[in-house]
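So the sequence lines, in the order shown, correspond to chains R and U. Numbering of the first sequence is given in this note's numbering, commencing with residue 1 and proceeding in unit increments. Numbering of the second sequence is given in this note's numbering, commencing with residue 1001 and proceeding in unit increments. Glycine included, every Cβ here is placed at the ideal spot set by N, Cα and C.
Protein chains: 2
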Amino acid sequence: MAALSALRTVNRRGLGLGRREFSEKIAMVGSGNFGSALVRILGRNALRHDVFDNEVKMYVHEEMIDGVPLTKLINENNENVKYLKNAKFTPNVVADPDIASAVSGATMICFCLPHQFLKPMVPAIKAAAAPGAKCLSAIKGIDFDENGIVLISDIIRKELSADCSVLMGANVANDMASDAFCETTIGYKDPANGALFQLAYDDFSLKVGTVQDTVGVELCGALKNVVALGAGFCDGLELGGNTKAAIIRIGLKETMKFAKMFFKGIKDETFMESCGLADLVTTCFGGRNRKCAEAFARKEGTWDEIEADKLNGQKLQGTITCKDVMVVLKNKGVEDQFPLFKRINEIAFEGAPVETIIEL
Amino acid sequence: MAALSALRTVNRRGLGLGRREFSEKIAMVGSGNFGSALVRILGRNALRHDVFDNEVKMYVHEEMIDGVPLTKLINENNENVKYLKNAKFTPNVVADPDIASAVSGATMICFCLPHQFLKPMVPAIKAAAAPGAKCLSAIKGIDFDENGIVLISDIIRKELSADCSVLMGANVANDMASDAFCETTIGYKDPANGALFQLAYDDFSLKVGTVQDTVGVELCGALKNVVALGAGFCDGLELGGNTKAAIIRIGLKETMKFAKMFFKGIKDETFMESCGLADLVTTCFGGRNRKCAEAFARKEGTWDEIEADKLNGQKLQGTITCKDVMVVLKNKGVEDQFPLFKRINEIAFEGAPVETIIEL
C-alpha cells in the first residue's frame, strides 16, 4: 500500500511537470527459465504502461543451438526456444548477447541469473546503465563469506551503488509460461522504486504484493530450498501429508527465527506473503530440491550422483545453502535453536539416518 | 509455555499435598476415524503418566458389524475395525455404547463427533461426569444461528457449564494410525487445563503446540474446508502449483481477517501453528473437500451427486460452511473484503464459471 501511494506521488509529480521528461527503460540480465518467464511479463507491461519505454532488452549468455545463436532464435521467434518453450514474448522484448548494449541507458535493471556470474559483469553494467538506475534481484540464493551471510541484493547495491528491490514468490516458471495465475512478492527499500517495479510486473496472471523488507523476502527465497530437502526426505520415507505439513510449518518458523536473529527490521507479515508460505508450499511439493532429497532418502546415490541424474545440468541449491547456514549457526553457537535445519544437515552430510527427520 | 508452567504449578501443588488425591479420568465421546486416532494416543499416555487414571473410556454409537456389536469388536480386538483399521489400541481403551457409563466420573471429556449429535447427549453427560469436568473439542466445523456464528466449543461450555479447550491440526487420521509424525494445536482458555490436555495428547508421534486462543484455533479448523474447495477448483482446472499456493495463502489471510472481524483476542501466531497453515496445506492437497471440488470443476455432477459418489457416506463440510460464512459476511455487508470466499461461493452455488477462481 505504501508502495502504491508512493507511485501515485510519482505520477502526480509527473503530471505537475506538464510533460513526460523520460520513460523508464527496463533491462533483464539473465535469460534462463525464470528470467524468461519474468521478461515475458515485463514486455507486456512495457507496452501497456506509458511510464515505460516500449523496448525491453534481455541480456542472454550466448550459445549456439544447432549452429544458430540463441539470441537470433529468440528474436526471430519471440520465444526463448531453449529455456522457456511455447511461451511467446511480445516483439518488444529484444535479446542481446552483449551486456553493455543490453543495459545501455537502462533505468530499471532486473537480475535473474546464477549469482556467481554477477560480479564479472559489474564494470560493464556500471558503465552502460543510466546514472541512478534502480535494480531488482530475482536471484534466489544467498552467499557467505568469512564474516557470515552475504545477501545477493547487497552485492548489487554495493557494486553498482544502486537501490535494489527483490522479487521472490511461488513462481514455477513453466506454469507462468501458460499464464496460470500466481502471486509474487516485491521487497523494497525505496517506496517509489518498489512501486515502479510493482507496476512493471503486476499483470493479469501475476499479482504482485509488496513489503518494505528486502531482507526477509530474500531470505525466504534462499532458505526454502533447505526446508524442501526435509520435505523430500519425508516423501522418500512415504510419511504422508501430516508429516510434510509439519516440516513445512516448522521450516517457515525457523526461517523467521533465522532472519530475525541475523538481521534487523524483519517483518512478520513478510512470511505470510507469496515469498513466504506460498513459495515454501510450492517448493516442498514440486521443485528440484525436494525431488533430489526424495531420491537421497531412497538411497539412490550421493548428492552429486543424484544431481547429475535428475537435474539435467541444473544445480542443486538446497544442499549448498544448508551447509552454509549450518556454518553460520555453529559460528554463533545457536544450531540447537534450529532443530529442523540441524537435522536436515545431519541427514544430508553427517550420515544420520533419514528416519530421524521426524525426531524434532 | 504458559500452559507448561501452569502444569508445573499443578504438579507442585499435588506434591505439596503429600499424596495423590485423585487421578484425571479421561473419556472420548466419539469413535469415528479421527476420534479413534486420538483415543489411541490418549490410551498410551494414560498408561505413561501418573496423573491420569489408566482406563480411557470411548463412547461408541453402537452399530452391528456382521451381527456383532462394534463395541464388542473394538474391545476384543483392541482396534476400531470399522473406522480405523490396522491401528491397535492399548487394552486400557474401553469402548462403551452407553454415554452415561462412558463418561461416568470423567474429569476430562474429549468430543470428536458430528456436532449435530452433541446436544441430545448433554443431559446424560452432565449427570454422569465429575463435577467441574474439563472439556476439549476436536470437532471441526462451526454452527450458525439467527445471531451469526456459533462455535461448537461455546455450545459445550454453555450446555455443560464447563471450561473447554479445542484441538485442531494437520491430522489426517489414517496417517496417524501408522504413527507417522505430526503436530497438532490445543487452544485453551484455562492454562492448567490446556497443560493437562497437552500432557494427555503429546506423544512421540504427535507433537502438541498450545496457544491461548480457542477461537482462532477453532475457526482455522472450520474455514480450511472452504479454502479447500478453492484448491480443488484449481486442481480440476489443472492450474499447477503456483496457483494453488496462491489460493492457500489468500485463504489463510482471509481466515485471519474473518476471525479478527468477528471475534476479539485472536492471536496472529495461531495461524502459524499446526491448526493454521499446516492443516490448510494438508487439507488443500489431500482431503475430501478438495477432492469433491476437483470433481465439481470437472463437471462430474451436482454437489449432492459428487458427495454420494466420492465420500462413501461421509458428509461434505466445506460447502455447508461456505454458505453459512457467506450469510454472515453478507449480513455485515463485508463480502467484498473476502474476495476468495466470495468467489468460491459464487462458483459453488451461483453458477459462476470455475475459471473465475483466479480472478481475485
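Is the Cβ of residue i closer than 8 Å to any Cβ of chain U?
i: residue 342 of chain R; result: no
i: residue 168 of chain R; result: no
i: residue 171 of chain R; result: yes
i: residue 355 of chain R; result: no
i: residue 268 of chain R; result: yes
Would you list the residues sitting across from residue i in a DSSP beta bridge?
i: residue 184 of chain R; result: R/208
i: residue 1024 of chain U; result: U/1052
i: residue 145 of chain R; result: R/148
i: residue 1139 of chain U; result: Bridge partners of residue 1139 of chain U: none, in fact.
i: residue 1059 of chain U; result: U/1029, U/1096
i: residue 134 of chain R; result: R/108
i: residue 164 of chain R; result: R/135
i: residue 84 of chain R; result: R/80
i: residue 1068 of chain U; result: U/1065
Roughly how many whole angstroms lie between the Cα atoms of residue i and residue j?
i: residue 1173 of chain U; j: residue 1185 of chain U; result: 15 Å
i: residue 60 of chain R; j: residue 90 of chain R; result: 17 Å
i: residue 102 of chain R; j: residue 40 of chain R; result: 16 Å
i: residue 152 of chain R; j: residue 165 of chain R; result: 11 Å
i: residue 1343 of chain U; j: residue 181 of chain R; result: 15 Å
i: residue 251 of chain R; j: residue 1171 of chain U; result: 18 Å
i: residue 178 of chain R; j: residue 78 of chain R; result: 15 Å
i: residue 1107 of chain U; j: residue 1055 of chain U; result: 12 Å
i: residue 412 of chain R; j: residue 341 of chain R; result: Within the shown structure, residues of chain R are numbered from 1 to 360, placing residue 412 of chain R beyond reach of any answer.
i: residue 301 of chain R; j: residue 191 of chain R; result: 48 Å
i: residue 1233 of chain U; j: residue 1321 of chain U; result: 17 Å
i: residue 275 of chain R; j: residue 1076 of chain U; result: 52 Å
i: residue 208 of chain R; j: residue 84 of chain R; result: 21 Å
i: residue 1326 of chain U; j: residue 1168 of chain U; result: 23 Å
i: residue 1126 of chain U; j: residue 1025 of chain U; result: 15 Å
i: residue 1277 of chain U; j: residue 68 of chain R; result: 49 Å
i: residue 1149 of chain U; j: residue 338 of chain R; result: 39 Å
i: residue 291 of chain R; j: residue 1156 of chain U; result: 46 Å
i: residue 158 of chain R; j: residue 143 of chain R; result: 14 Å
i: residue 1255 of chain U; j: residue 1095 of chain U; result: 37 Å
i: residue 141 of chain R; j: residue 225 of chain R; result: 9 Å
i: residue 19 of chain R; j: residue 318 of chain R; result: Any reading at residue 19 of chain R must be qualified, since the residue scores a pLDDT of 45, below 50, and its modelled position is unreliable; the value itself is stated next. Cα to Cα, residue 19 of chain R sits roughly 49 Å from residue 318 of chain R.
i: residue 36 of chain R; j: residue 30 of chain R; result: 8 Å
i: residue 1316 of chain U; j: residue 353 of chain R; result: 40 Å
i: residue 206 of chain R; j: residue 1288 of chain U; result: 29 Å
i: residue 260 of chain R; j: residue 268 of chain R; result: 9 Å
i: residue 230 of chain R; j: residue 118 of chain R; result: 30 Å
i: residue 336 of chain R; j: residue 360 of chain R; result: 10 Å
i: residue 1138 of chain U; j: residue 1350 of chain U; result: 32 Å
Which bits of chain U does residue i rub up against, with CB to CB less than 8 Å?
i: residue 243 of chain R; result: 1175, 1180, 1181, 1182
i: residue 288 of chain R; result: Ordered by position in chain U, no residue passes the 8 Å Cβ test against residue 288 of chain R, which lies about 13 Å from the chain.
Looking at chain R, is there any beta carbon in it that lies within less than 8 Å of the beta carbon of residue i?
i: residue 1358 of chain U; result: yes
i: residue 1277 of chain U; result: yes
i: residue 1113 of chain U; result: no
i: residue 1346 of chain U; result: no
I want to verify the contact list: residues of chain U whose CB lies under 9 Å from the CB of residue i, in sequence order.
i: residue 281 of chain R; result: 1241, 1244, 1245, 1248, 1249, 1277, 1281, 1284, 1285
i: residue 253 of chain R; result: 1272
Every unbroken beta strand (DSSP E) inside the stretch 198 to 281 of chain R [3 residues or more] = Whole beta strand (DSSP E) segments, 3+ residues: 206 to 211.
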